[in-house]
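Residue numbers (UniProt numbering): 1 to 114. We treat Cβ as the ideally placed atom computed from N, Cα and C, and that holds for glycine. Written out below as structure tokens is the structure these notes cover.
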Amino acid sequence: MRQGLRCVVVTIGNQGALVAAKEGSVMVPGFPTRAVDTTGAGDSFWGGFLARVSESGKPLEQITFQDFQSFARFGNAVASLCVEKRGAMPAMPHREDVLRRMQTAEEWSPDTGK
1 MRQGLRCVVV TIGNQGALVA AKEGSVMVPG FPTRAVDTTG AGDSFWGGFL
51 ARVSESGKPL EQITFQDFQS FARFGNAVAS LCVEKRGAMP AMPHREDVLR
101 RMQTAEEWSP DTGK
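Structure follows, in structure tokens:
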């Protein structure tokens, strides 16, 4: 963070993603899944994460620690669906499937990190 970074995110496979910022760090848990092929998991995570950054409409300097955690949660959901099918592109989920995965999973709050 001393280098002027606002946030650092490290993906940790099915465990989820570690989100760190000057406010602290939190492990954003992954989703239960039956992995068939992990090809594209990281790319799908970042596609989901960055889509949410863009959709937020906020300039980067206005994105909060909680926002970054929420973006990681979405990225985790995308990646969890991606690994359930073979191949990278054919496995990319539709938004509706991602939102359904997030709704049916155990509740998690970016405010508490639990």
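Taking the Cα positions, Q15 is about 11 Å away from T33. Contact between A77 and G40 is ruled out by a C-beta separation of about 14 Å, above the 8 Å threshold. Annotation note: the UniProt domain "Carbohydrate kinase PfkB" (3-94) contains the following uninterrupted alpha helix (DSSP H) runs of length 4 or greater, listed N- to C-terminal: 41-56, 65-82. Taking C-beta atoms under 8 Å as the contact rule, F71 and R52 qualify, at a distance of about 4 Å.
By the neighbour-count definition (other C-beta atoms within 10 Å, threshold 16), P93 is a buried residue.
Between V26 and L18, the alpha-carbon positions lie close to 6 Å from each other.
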